[in-house]
Structure formats: structure tokens, C-alpha cells
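Here is the structure we will look at, set down as C-alpha cells.
Residue numbers (our numbering), protein chains in the order written: chain A, -13 to 298; chain B, 2 to 557; chain C, 231 to 540.
Now the structure itself:
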């Protein structure tokens, strides 16, 4: 099949050197830009995406600087002012069952949750997309083995892994990252692999192969960018899962130890008293939702901006 | 473990004591009955581990078994045994031999009579090491039971039968059972109301297999006030009144439905929405509201919540440090501002509700309190004296607890109390929450902890169930305490028949335990039940067992 | 194709064996045991129990015996629930979990896919933003909040539905199915939107349109088939995961399913149950993923799974 398209056997006299053509150079109407600069240019035009982008920056600022300006610490208790409703006694978001300021805890807890979200995304992209891409591109036996590894890891009871991690290494945020690292690339790997299986048979891949792209270049410059849609969706949907997994891990004892909190932990602890103190669930849930909305709309914007087909 | 063996109640002079009828059958219906005598409850577990009484070890399972079966006695809400299958009983002068006269009208659900042979066979089955009964040690009070149960089922197989034959259970005739104890035990009679001592239907067990017979509703042949009519595993159990029960005329409930639910939020929602009438499950965060709405029934509970100090780990190898940390806990705040359900701050270890030597007295009242709550001045002085005047020299301390929001809350509060009250830098006191199995292993097996959360519910109504835990060789001695005087006092108490000496020794022992502050008692438990106002006469005793035999639904 | 399936079948068996081995080792490495209790039990009684269940044997022996039983499809007795076997659990509880799972997947496909396609065709219009807003809320608010919230409103306040339990009336299925469907629904909507956008910018769709096909025909004949790939990929593990039960939903609604069993078996250190359910789930997952790969071939005939093309 490849021989029909063989480009190397043209007779050498079929082409003639014409030298530079100044007119043609002047025909360039668009300033030369890189792929990323181009994407950024298009992203800036997307209002929702940019609003989301700034929301994320504000959120990051709030969680890292905010706790210093609330006048409370995330741990100081006041047993005489427990479960205050929002706005009472100078507590804008109320207090929890130990009389701690909810707003401060929420801002402080955001650090953990955002870190977890970011780390999960990095793992998802860095490991998952690459692994899936390689598997799909290689195909055949390699694909079969690589995907069975994914299936095995899928099948191992995570709870057991987590308990073992805790026993062996103790409790820290790093161990949460390790636990997330073990599982948070599997879904991405499967999605990318599925897309690559389909994409690699398409014409543009054939074209890239013809001009002699290496396998790596093929994967990184052609296949993965063309999978950006599903990648970004998987990514943005995975972040809240990671944030809630962190809450569960913390509950089992792997994650941040009390009195430190995270949004996930606050939400899951608030649920117990949902009837009596609904705001203790509402605020962390709201914080997670706002963050997710921002990440998702930014993700959609990015997807549009990075889409190779929309580039013009 | 429970070598409670040698406890003499009273020095008795008369040859034989007739103890029958020492407690009266609880009160009967006192109002208008509802038309539908169905009690809807939930069990607080997703499935009973087993409904073979010999294999049970949890309260939820006990409560279901108590509906389905009946032992020689039943227990009322004051922890007093009254007649069950046994009509009357006599005790020999040395308090070792009990002779039970069984009622002749007690029947199995298939019509067979309940005889002394049923009890002999069932009890020996629980004792037989091949059965693998986890609660068999409740039988160790009977002469020869411990020896038989501790035989190795593989290596000593041949010895098992002779050992079982030697156990002090004798069938005099079909309706007379004679039991010989290894040593006098005042509360043994009460144990005959516990599931381990329930009779099981021999023919059924042998036909279906000792391990398999108790898994489907249709298989049960039982002798209690209710019989099982349905068991949808991990979902629902239904009971109906057993018309063949000898006292069926006094059983008012027609039906009991038991939802198998273990999520406290769900239990509460089901109860509040009317899907159940009786539950013991609720999230701690809702307690304030439930109390305000007058929905709680708060009952006494024989138990203490405490922190164990590991006396082999710095800095708690120093008694002064233990005392300092214990005194710096504000128990009043924990009870009144966090738990808010009527728990009592514990200023000693043995909870109230246990009778002392003289009639009508209470062990706790006689013993009094041992220390002041939240005594920060004394605590700080103790810590200075212990060589930690410079607080930054204190080694980092980790509080171990199992993952549960309630334990977490208390640990967080205590962390703050220690840090603030003793001026210890915040980062020096850490919390370590571990998954249940890991926590159990750290606390009870490897003793890999500095200070750990713990709780104890009495096995029987006597201070010994709380105190012998900390004897040097006891399996429950998590702090690894070793004090010869303490051991001697309790061993003497276990041997003496003089109730006054016993109690005296136990008071002394408790004082040693608390002075050494091996543990920091925090609060005495209460038993919280949510029951609709029309649910009447449920007998809940202070060690948590619940009997629905005489319950009824009032008109509403 | 037959050769390919056979090859996959054998690799699945090996994968399953690796899974069993890893889980077996980890399970015994974790502290605690099935008979550990807070109140100390006499040594002799622990020994009696361990002998009864063969846990006194050396681990390699236990492992080999276990593998032998698995080959005979006997997953062993539960240590926690006396007299019941893992096979009993699967036989009783899988149909329950599967019923809720299938209903949820149907619901999420029926709502999620059209929502995604419509969003794509109305890209950045209000329909799109609204649908995506709802979808994102759907994933950001987890089932452990949604489920009690539904219960509070529908059972406690409005008394429309029973709070919990299973199998007595169809009403008991409503809240679990909705809570469970939210996440896949949102995922499907977002995946569909994204891949539909990819597809409709391609030339053959423009061709199809220029041929004069109606919008609906374009969607049905050309867009769906090509855009549904990621959804199919996602469906593989999802079906395996959801049909074998979801802990949170089953726990909150007191549903006798496999998900609750699985999680509790870890807490209880009920070794046989944990291993047995891991095998069941693993086998299910491997099967579903094989199915997904076969479906790929139908959706896109260009896909060559065997990799023998060149």
C-alpha cells in the first residue's frame, strides 16, 4: 500500500530551482505565531473561558492568602460558639461543631483540594494520556498487554492499597498524591487509547507518516492534540472525583490529619448534620461547584482554542 | 480471659436457697392498644453476623436472638433475671450447684417440648472447640468448660469428648437440669438469659449442618416469644408472634419488622419519616435538634469512654505526665458543649449503676470522685515537676483514634485543650486517625501508640468487668500497665466470698489505677434510643441488651 | 476475529490470576484479621476459629488451596457472616446492584447523549451553557450529598417516597437510580458535546449537509456513529463498575447490593468475600473491555485491533 505513495522516486530533473520569490513572501498576511500563542489569542476571545480563568486565579489567591485576613485560624476552637449560623458573631460563614470559623477553614481547606485537583490532572495527562497514546499507537500485542495492566490496576481494591500505604508510610498529603497517582490515569489512558486507535487510521496520520514523522512526533504532535476534546472532558470531570477521593482517603486516615481540613472533608462531615446545619454542607459544596464550573468552562475554551482543525 | 471464677456473693449459711421469682415479670399493658400491633424497627447493622445463638457476639445479634429464643431466664431492664424456660431454681449452700426446674409447657415452634437435654446439648455445642464459638468464654464459669473449650480441635481431637462429658452440666430428668460452676459467681444466673446459653433445636442443627442451619427463615425451629417469618438478607427480617410460646398470652405484639440498615443518617430519616418506630441510629450532629424536639430517650449505660496512655512510651512512661494530661481535659465542656446528650463527666473509671456491698448503695457513690475536672493549675505543676518546665522539650505526642466523626471531634477538642491548657506548642500534639482494623491492631496487638481512644461497656454488672482489664496479664491491658499491688488486690477480690472485702479491694484498686492515671477517663456513656411515644415497655438493660417480649403499641 | 477473541480471553485469564495474587498478598499484609475484636478474646478461641476456617495454615498453602477452589468456581465461606458463602452473596446481591445499575445507565444515556449533541449544535449559545452548567453541577456535587438531600426532600418533607430499603415497591428505586445516574449522565453529556464538535467540523459532515440531508439525518447517520466512541470507551469500565454495585448509594439507601459488601469486606477483613468480589469485578471488567474493543470495530471499520496490518 505504501509504495503507491512513495515520494522518494521522483526523477531529479522534475523540479527546477527558481530562487526566492519576494512577491510570495509579501503575501504572508498573518503574523507568524506559535501554536500556543495562537491558542491563547483565541482563548482570550472566549468570554466564559476568560471569566473562568480569572475566577481560578482569584480562588487560588483566596485560598493561599485569604486565611490570613479572616481574623481567625482554621484550628482555634470556641466551644461556646458552636454551630453558629452564617453571619453570627462575626463569622461570615458561621462556625462548625467545635466553634471554628467556617470561612477560614473553607479558604484553608481549598489549598488541599486545589492541590489535589491539580496533581490529579497532571498525573492524568502526564501518565494517562501518554500511556493510552502509546498503547493505541502500538496496537496489537503491545496494546493487549498494556491495557491488561490497566485492567488489573482497575481491579485491585483501592481501599486495600490505601490502608497499606497508610500503614507503611503514615499519613501525609504526599501519600494522597501517591494513591491518586496509582489510579487517576487509568480512565484517561483508556479514553486516549480508544481515540488513537481510531485516529491513527485517518488520512492526516498517513500524511504525517509519509513525511517521515517519528512515532513520538506522531503521537505528541498529531494524535494527542486531536484527542484534546475527550482529554479535557475526562480531565475536568476527574478533578471533582479526585477532590472527593481525597475526602474519603482522609477519612480512612491517609490524608490531611485533623484539625486541617479540605473541601471534601468538610462536605462529607457536614452531611451528618445536614438537617440541622445545612450551611456546613452548602459552603464546601458550593466552593467545589464554583471551582469545577470555572475549570470546565476554561477547559471547553481551551479545547476550542487548541483544536487543530479550528486553527486558521 | 474472663477468669471471674472465684467470686462469692454473700456468705450463705442456710443449706439451700430458693431464688425463684427474685425478679417479677415486667409490667403489662397499661393503656389502650393500637389496632395494628406491629413494631417497625431497624437493627443498626446491614446484616446480623449469625442467628445461631452459640456463634453470636454482638448486641444487634443478641437482640434478634432474644426475640426468637428463650434461655432458662430472661432479663428485665434493671438487669435482674426472671423465669424463662426455668420455672424455678435452687442453689446449693456453697453457691456452686444450680438446679433448674424447667416448665413442662415450653415448646419448640414445631411442637417438640423444650427439655433439659436440649440445654445440655446446646451448651456443650457452644463449649466444643470444634464449633468455634467466639463467645464460648461466657461458658467458662461452668466447671470443666474452659478445659474443654481450650483443647486444640486438631491435636487433641480424641480428648474432646471425654472433656465435654466432664463438664458440669447434668440432666437429672427431662425437666431438671443441674449445673456445677467452677467457682461461685453472683451474676452467673443472669448469664443464662444471654444468647450463648440459649437452647437450639438439635434435630434441625444436625440435619442441616452445624454451620449452615441458621441462614434461612424457613429453617429455624425456635422457642422464643416470636418466630421468624422472613429474612431477606441484608435488607429485612420479619417476626411474628409465636403462638406456641408458653407465655403467648402475655405477648402483645403481633409482628416485628426489622430493617437491616446501618447508616445513621438513613436510620434517622427512616424514623422521622415514619418508616420505623424504633432506632438507635442518628448522626451526632443532629443531637441538639433531636433533644430540643424531645425525641430522645436517654437511658443509663454501663460504660466509660477513656484515653489509654501507653505506659511504655515516652512521655507517658512518667506517671506525672499522665496525670497532667488527664487533669488538663475539660470533661465538662466535652459533655455539655460537644456531646450534649446527657453523658456524665468521668472523674473516676467505674461508671455509676453498679451496686456496692451494702444494699441500695452504689459503687461509684461510695468511691466518690478522684480528681477535679479541668484542673489546669495542678496539671501544669505536675508537668513542670515531671521535668518539662521547658514545654518545647516534650516529645511529639500522637492521639490515636479510629476513623469515626465522633471520635475525631473529641480528639480535636482534647488536642486543643492540651495545647492551650498545658502551653504545649500546637505542632507537638498530633492526631492519628486509623482505619478500624489497623487501629485495633495498633492499640491491642502491637501497642504502637502513645495515647489511644478507647471505650468499655461492662460485660456484667460488677466493678470487676472494668477493673480486671488492667491486670498485668489481661488481654485487654492495652496500656501495658503492670502493678503487683493492683493485681494482688483484684486476685484477692476474685477469691473471697465476702462481698464487703471484695468491694473494698476493688475500691482500693480503682484508686491505684486512677492515681497512676494509666487511663484518662473522659465520660460515662448513656444509651440513646429513638422510640415513638406509642412504643411501650421495651426492656433495655444497662449493658445494652434489648428485649421486646412485653412491648406493645399504644393507640395513637 | 475468533483468534483475536481467544487471545484476549487467555490474556484476561492471566490478568485475573495476577489480580488475585496481588490482592491476596496485600490483603494479608494489611494489619488486622477477620476475628479481631475490640474486646480481647481468649487465645484458644481465636485458634479454634482460625482452625475452623483453615487460617492457621501457612499462607502459600492457603493461596494454593484458594486458587484450586476458584477454578471450581467455589469462592469460599464468609468469615463474618457465618454459614453464608461468597457465591450466595453474588447470587443474591448482583441482581440487585445490576438492576439499579442498568436503570441508571439507561437514564444517563437517554438524557446525557441528546443533551451533549444539542449542546454541540448550539455551541456557546444559552442551551449549551445551561446544559453544561447543569452537567458540571451534576459532577461537582457528589452522591453522598445528593442522596441524603433527595431523601430529605422527597421522603422526609414531601412524603412522596419511602426513605430507604429495597425490593418492596418501585418507588424505592427512584432516589437511588437518580443519585447514581447523575455522574455518568453529566459525563456522557460532556463527552458527547466535545466529540460531536470534533465530528461536525469534519469534511464528510459538510458533504452530508451539502447533499441536502436534514439536520436530524446528519446527526443520526453520521455524527452519532463517529462521536460516540469516547462514550463507548467510558461505558466499558462504567458498566462493570456500576453493575457490581456502588457503595455510597447502597449504604445510604440500605440496598442489599454488592458494592456495600465489597467495601465492608475490607473493613471486616473478610478475606474470602474481598477476594471473591475482586475476582467477580475483575472478570466483569475484562469482559466489558473486550466487548468495547469489539464494538469499536463496528463503529469504525478502519480500526485494526490485531495490529497485523503492516
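C-beta atoms are modelled at their ideal positions from N, C-alpha and C, and glycine is treated no differently.
Per DSSP, the continuous beta strand (DSSP E) segment holding residue 101/B begins and ends at 98 to 103. Residue nearest to residue 480/C within the set 405/C, 436/C, 361/C is 405/C (criterion: CA-CA distance).
Judged by pairs of C-beta atoms under 8 Å, the segment 281 to 298 of chain B touches the segment 332 to 346 of chain B, as three or more such pairs exist.
In this structure the segment 158 to 168 of chain A does not touch the segment 269 to 283 of chain C; the number of beta carbon pairs closer than 8 Å is below three. The C-beta of residue 498/C comes no closer than 9 Å to any C-beta of chain A.
The segment 131 to 142 of chain A makes contact with the segment 237 to 254 of chain C; the number of CB pairs closer than 8 Å reaches 3 or more.
For residue 553/B, the three-state secondary structure derived from DSSP is strand.
For residue 399/B, the enclosing beta strand (DSSP E) begins and ends at 398 to 403. In the three-state scheme derived from DSSP, where H, G and I count as helix and E and B as strand, residue 191/B is classed as helix.
Counting only residues of its own chain and dropping the five nearest sequence neighbours on each side, residue 357/B has a CB closer than 7 Å to the CB of 363, 364, 367, 504. Annotation: the continuous beta strand (DSSP E) that includes residue 302/B extends over 298 to 310. Taking the C-beta atoms as reference points, residue 473/C is found no nearer than 9 Å to residue 319/C. At least one CB atom of chain C sits nearer than 9 Å to the CB of residue 290/A. Under the Cβ criterion of 9 Å, residue 162/B is not counted among the residues facing chain C. At a C-beta separation below 7 Å, residue 511/C has these neighbours in chain A: 141.
Annotated as distal: residue 302/B and residue 523/B, with beta-carbon spacing of 9 Å or more. Residue 305/B is a Cβ neighbour of residue 352/B, given a cutoff of 9 Å.
For a Cβ distance threshold of 7 Å, residue set 313 of chain C lies close to residue 213/B, ordered along the chain. Counted as a single uninterrupted DSSP element, the beta strand (DSSP E) harbouring residue 74/B occupies residues 74 to 76. Within 8 Å of the CB of residue 153/A, the CB atoms of chain B belong to 439, in sequence order along the chain. The three-state reading of DSSP puts residue 178/A in helix, counting H, G and I together. Using a Cβ-Cβ cut-off of 9 Å, residue 244/A counts as an interface residue toward chain B, since at least one Cβ of chain B sits closer than that to its own.
Note on the segment 232 to 273 of chain A: whole alpha helix (DSSP H) runs with a minimum of 4 residues are 249 to 257, in chain order. When secondary structure is reduced to three states using DSSP, residue 395/C falls in the coil class, being assigned neither helix nor strand. In this chain, the beta strand (DSSP E) harbouring residue 40/B covers 39 to 43.
The beta-carbon of residue 149/A is placed less than 9 Å from the nearest beta-carbon of chain B.
Residue 283/A belongs to the set of residues whose beta carbon lies under 9 Å from a beta carbon in chain C.
When 7 Å is used as the limit between beta carbons, residue 248/C is near these residues of chain A: 138, in chain order. Within chain B, the residues 438, 439 have their CB atoms less than 8 Å from the CB of residue 260/C, given in chain order. Any Cβ of chain B closer than 9 Å to the Cβ of residue 58/A would place that residue at the interface, and such an atom is absent. Of all alpha-carbon atoms in 54/B, 113/B, 267/B, the one lying nearest the alpha-carbon of residue 392/C is that of 267/B.
The C-beta distance from residue 97/B to residue 182/B rounds to 5 Å, short enough to fall under 8 Å. Here the segment 126 to 137 of chain B lies against the segment 151 to 161 of chain B, with 3 or more beta-carbon pairs under 8 Å apart. In this structure the segment 88 to 105 of chain A touches the segment 52 to 60 of chain A; the number of beta carbon pairs closer than 8 Å is three or more.
Here residue 450/C is exposed: its Cβ has fewer than 16 other Cβ atoms, across all protein chains shown, within 10 Å. Put simply, of 348/B, 254/B, 274/B the residue whose alpha carbon is nearest the alpha carbon of residue 29/B is 254/B.
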